[in-house]
Amino acid sequence: EDQVTQSPEALRLQEGESSSLNCSYTVSGLRGLFWYRQDPGKGPEFLFTLYSAGEEKEKERLKATLTKKESFLHITAPKPEDSATYLCAVLETDKLIFGTGTRLQVFP
Amino acid sequence: SQTIHQWPATLVQPVGSPLSLECTVEGTSNPNLYWYRQAAGRGLQLLFYSVGIGQISSEVPQNLSASRPQDRQFILSSKKLLLSDSGFYLCAWSRGGQGAGANVLTFGAGSRLTVL
Numbered sequence: 836e837d838q839v840t841q842s843p844e845a846l847r848l849q850e851g852e853s854s855s856l857n858c859s860y861t862v863s864g865l866r867g868l869f870w871y872r873q874d875p876g877k878g879p880e881f882l883f884t885l886y887s888a889g890e891e892k893e894k895e896r897l898k899a900t901l902t903k904k905e906s907f908l909h910i911t912a913p914k915p916e917d918s919a920t921y922l923c924a925v926l927e928t929d930k931l932i933f934g935t936g937t938r939l940q941v942f943p
Numbered sequence: 008s009q010t011i012h013q014w015p016a017t018l019v020q021p022v023g024s025p026l027s028l029e030c031t032v033e034g035t036s037n038p039n040l041y042w043y044r045q046a047a048g049r050g051l052q053l054l055f056y057s058v059g060i061g062q063i064s065s066e067v068p069q070n071l072s073a074s075r076p077q078d079r080q081f082i083l084s085s086k087k088l089l090l091s092d093s094g095f096y097l098c099a100w101s102r103g104g105q106g107a108g109a110n111v112l113t114f115g116a117g118s119r120l121t122v123l
């Protein structure tokens, strides 16, 4: 069965403490991998799309990378405003399959 | 620019009552439209998607239904709510076709439904 697994489920960081979030997937025909940020009580907000292994995308303190089996969202020197749930999703044929997310808390 | 509106933001309904959640998109034409449900500890579950007026695909068999009466309007309904229907419902749209930007979902603010 096609599956998207995110780890860890929750992550607590001190402000400035860099770390990485993982998204591993098992789909038969990956057509794209998407990262979203979701604040409590709100809809997810699009961050990145990655299409092929080796591709990287950056936005401010976030950098997403993709291999054939997984994607990482690297957070460099995070700030409290980076606190949110980060969701990844894979596009398999014509449907997006979402993971359950990593809840990130950054403390000052 | 494109915007997506979803309402109501919150509602509390008794078991067995009907439901209607509405979503409209502005600033684009012929969007792909989606209804997702997000339950605690679970990923976003695709309920329905539509690629055009009157074209609805159902992903999960249940007591919910969807309709698309106009190009940029998507409605989620139920005749009789169950306790298990409680959750956070999200409407989303994407540009159809291929190329950069296709399949990128833009979500509404969500509707929190509590069934008692």
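These protein sequence lines are chains U and E, in that order.
Just so we're on the same page, my numbering is the position in the first sequence counted from 1, plus 835.
Just so we're on the same page, my numbering is the position in the second sequence counted from 1, plus 7.
Positions of the beta carbon are idealized from the N, C-alpha and C atoms, including for glycine.
None of these values were measured; they are calculated from a predicted model.
For residue i and residue j, I'd like the C-alpha separation in whole angstroms.
i, j, result
"residue 121 of chain E", "residue 903 of chain U", "40 Å"
"residue 108 of chain E", "residue 24 of chain E", "39 Å"
"residue 865 of chain U", "residue 123 of chain E", "40 Å"
"residue 940 of chain U", "residue 44 of chain E", "24 Å"
"residue 890 of chain U", "residue 929 of chain U", "21 Å"
"residue 65 of chain E", "residue 52 of chain E", "12 Å"
"residue 871 of chain U", "residue 853 of chain U", "19 Å"
"residue 98 of chain E", "residue 869 of chain U", "17 Å"
Between which residues of its own chain and residue i is the CB-CB distance below 6 Å, once the five residues before and five after are set aside?
i, result
"residue 39 of chain E", "58, 101, 103"
"residue 909 of chain U", "855, 898"
Check whether the Cβ of residue i lies closer than 7 Å to any Cβ atom in chain E.
i, result
"residue 934 of chain U", "yes"
"residue 856 of chain U", "no"
"residue 878 of chain U", "yes"
Please confirm whether residue i and residue j have their CB atoms less than 7 Å apart.
i, j, result
"residue 905 of chain U", "residue 862 of chain U", "no"
"residue 32 of chain E", "residue 11 of chain E", "yes"
Return the chain-ordered list of same chain residues with a C-beta closer than 8 Å to the C-beta of residue i, the five sequence neighbours on each side being excluded.
i, result
"residue 82 of chain E", "27, 28, 29, 30, 73, 74, 75, 76"
"residue 873 of chain U", "879, 880, 919, 920, 921, 922, 936"
"residue 896 of chain U", "910, 911, 912, 913, 914, 917"
"residue 21 of chain E", "88, 122, 123"
"residue 60 of chain E", "75, 76, 77, 78"
Cβ of residue i less than 7 Å from any chain U Cβ?
i, result
"residue 83 of chain E", "no"
"residue 55 of chain E", "no"
"residue 110 of chain E", "yes"
"residue 94 of chain E", "no"
"residue 116 of chain E", "yes"
Assign residue i to one of three DSSP states: helix, strand, or coil.
i, result
"residue 916 of chain U", "helix"
"residue 829 of chain U", "In the structure as shown, chain U begins at 836 and stops at 943. Residue 829 of chain U is therefore absent and cannot be evaluated."
"residue 74 of chain E", "strand"
Spatial neighbours of residue i within its chain, please: C-beta separation below 7 Å, excluding the five flanking residues on both sides.
i, result
"residue 859 of chain U", "840, 904, 905"
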